[in-house]
Amino acid sequence: MSKHGTITNDNHAALWHGRFKEGPDADAVKFETSINDDMRMAFVDIDGSIAHAKMLCKTGLISEDEKNQIIDGLNSIKDDLQADKLKVDLSAEDIHSFVEATLTDRIGEAGKKVHTGRSRNDQIALDEKLYLRSQIKDLQKEVLNLISVLTNIATENKDVLIPGFTHMQHAQPVTLAHHVCAWAWMFSRDFTRLGDAAKRADLSPIGSCALAGSGLPLDRAYEAELLGFGGVTDNSLDSVSDRDYYLEVASDLSILQMHLSRACEEIVLWSTTEFSFIDLSEKWSTGSSIMPQKKNPDFAELIRGKTGRVYGDMVALFTMMKGLPLAYDRDMQEDKSSFFEAYDTVISSVRIFAEMVRTAKWNKDIMTKSCDGGYLNATDIADYLVRKGLPFRTAHGVSAGLVRIAIEKNCLLEELDFAEYEKASPLFEKDIFELITPAKCVEIRKTIGGPAPSEVQKQIDKLMKFIKDNDIKE
Ligand code: ARG
């Protein structure tokens, strides 16, 4: 017996107490409850029970009067929870027990019929899928807002040159718009990925009962339709033991958070004195308790840091599921704390990231100036020769030779005398100097998806169409 004593059958509300002579240990109750996690699903649990009562009535398992009593009772619970007149009883085993017990308290005998042809095993899967539906919608809204914030930044910065990097070394010039659009496309995939997961989760498990369906004449299709599902699941064992919807969305969340984290890494870097590409708003920065001059990019760092937590939750879910035999196992109760933590972390990170970049100041002159270093135009010198018929590998060598000379002379490629170019290849003409300015190097890159402002405009138009086409209506 624990130091908290035992709970007797007289005063504990477990739905299953009839079979037991003794009540559970108080510590056991605390250990097994899921109410702290599933109380946030109270409203969908009630919606599910309302649909269930309608189905039971349609099939003749309860009377019209009983159905009405149940629905009125459930609605009164919903109203009272909403108005804060009723508190979820945190000593209940789970939200299903709490709602059923409260209903029976309020309406008496009819309340005892609501669980006809139902188990908490199919009920929890139903609640999770219903709640996930709104969670996905809410997150998609935030992601769409972020894409729109990024698209606006791109629209304003189509001509702002910025070095493009590979291996964190200067590579070729691009524009701020192009870089920010790259982020936007990453988030557009997150948006559609979430939508794909929602489609697969759109099958109702209710009516699968504990594991083996029911001998009662349940109308699963009708109940699914009432709850707005596209259809019903095909196998009762699978229905109550499937948590793919959480695994899938947790994977989507991990990818989304990884995208945020990568962009945050760039923001942290760009905020350094050495880069100074970006000035975060004071609203989205913090200071130091000892160094008076500091303005730190803590929010970008926190988003980057929380990525570990999101991955951890995803791995916890996968690990929890990996050895489970069919059908329901109580291990699966652990799904909610991991999934909700990942979800809450990601949705707040998306919101904060959007505000952080929306309110930031982009130091355009510094970005442009930075394109002067690092021989970003060396490929363009090679391409110049390719246009005149030289094989690319030979042209690469000629350009590399000029880079070597420029390094020795400590100057830019465009600052070398024309004589050096002539010496390197007879194909060079004086127009080479106009054609290798960073602006020209960008302007000329008109391949689909390239950084030329005309091409970036097409990306922006496409992103705007994406935002419009996917506008989430209530
Ligand atoms: N609290 C449980 C969960 O979250 C609900 C299902 C419980 N079923 C059971 N037979 N104990 O998974």
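Residue numbers (UniProt numbering): 1 to 474. For every residue, glycine included, the Cβ atom is placed at its ideal position computed from N, Cα and C.
Endpoints, beta strand (DSSP E) assigned at residue i
i    : result
H167 : Premise fails: H167 is in no beta strand (DSSP E) and is neither H nor E.
N-terminal and C-terminal residue of the alpha helix (DSSP H) that residue i is part of
i    : result
G305 : 298-321
S370 : 364-370
C57  : 42-58
Q293 : Taken as a continuous stretch (DSSP letters only), Q293 belongs to no alpha helix (DSSP H), as it is neither H nor E.
L412 : Looking at the DSSP string, L412 is not in any alpha helix (DSSP H), and its letter there is neither H nor E.
D471 : Unbroken run through D471: none, as it is neither H nor E.
W185 : 176-200
E420 : 418-424
P438 : 438-443
E434 : 432-435
L74  : 64-82
I448 : Unbroken run through I448: none, as it is neither H nor E.
A14  : Run containing A14: none; DSSP gives neither H nor E here.
D25  : No alpha helix (DSSP H) holds D25; DSSP gives it neither H nor E.
Nearest-angstrom Cβ-Cβ length linking residue i and residue j, presumed shorter than 8 Å
i    : j    : result
D89  : S34  : In fact, because the Cβ distance is near 13 Å, the residues do not count as touching under 8 Å.
M367 : F277 : 5 Å
I472 : K137 : 6 Å
S349 : I303 : 5 Å
K112 : T102 : Incorrect: roughly 13 Å between the Cβ atoms, too far for contact.
S188 : V232 : With a Cβ gap of about 32 Å, S188 and V232 do not count as contacting.
G449 : E455 : 7 Å
A51  : L227 : 5 Å
D84  : P453 : The pair is not a contact, with the Cβ atoms about 54 Å apart (cut-off 8 Å).
R118 : C209 : 6 Å
G287 : N296 : 7 Å
S148 : I467 : 5 Å
D190 : I255 : 6 Å
I62  : T116 : 7 Å
L317 : D335 : 6 Å
Residue i to residue j span [Cα, whole Å]
i    : j    : result
F20  : A14  : 10 Å
L269 : F275 : 7 Å
R404 : K458 : 37 Å
T272 : I407 : 26 Å
G207 : G60  : 15 Å
E156 : A177 : 8 Å
A201 : Y245 : 6 Å
F418 : K430 : 7 Å
D10  : N121 : Reliability fails at D10, whose pLDDT of 38 lies under 50, so the model's placement of it is uncertain and the value that follows must be treated cautiously. One C-alpha to the other measures close to 25 Å.
A439 : V240 : 60 Å
K141 : S338 : 22 Å
L56  : V44  : 18 Å
S2   : N36  : Its pLDDT being 41, under 50, S2 is placed unreliably in this model, and the coordinates cannot settle the point.
L402 : L161 : 23 Å
G108 : A53  : 15 Å
Q123 : R358 : 42 Å
A263 : M332 : 34 Å
W183 : S261 : 11 Å
A125 : D242 : 8 Å
E248 : V174 : 35 Å
L324 : L237 : 12 Å
L86  : P163 : 59 Å
L216 : K58  : 13 Å
E265 : A300 : 7 Å
Q135 : E223 : 21 Å
E225 : I77  : 23 Å
L139 : A198 : 12 Å
D380 : G230 : 54 Å
Q169 : D47  : 56 Å
K364 : S281 : 16 Å
T6   : E22  : Here T6 scores only 42 on pLDDT, less than 50, and its place in the model should not be relied on; the value that follows carries that caveat. Cα-Cα distance, rounded: 9 Å.
L253 : K409 : 50 Å
A382 : V398 : 7 Å
L211 : L326 : 9 Å
R193 : A360 : 28 Å
C411 : D196 : 53 Å
R330 : N235 : 20 Å
With a floor of 4 residues, list each alpha helix (DSSP H) that falls wholly inside the region 207-262, ordered by position along the chain. Taking only runs of at least 4 residues, the alpha helix (DSSP H) segments lying wholly in the region 207-262 are 220-226, 236-241.
May I have a chain-ordered list of the alpha helix (DSSP H) segments no shorter than 4 residues that lie completely inside the region 88-164? If we require 4 residues or more, the alpha helix (DSSP H) runs fully inside the region 88-164 come out as 95-107, 120-156.
Whole alpha helix (DSSP H) elements within the region 325-409, 4-residue minimum: With a minimum length of 4 residues, the continuous alpha helix (DSSP H) runs that stay inside the region 325-409 are 335-358, 364-370, 378-387, 392-409.
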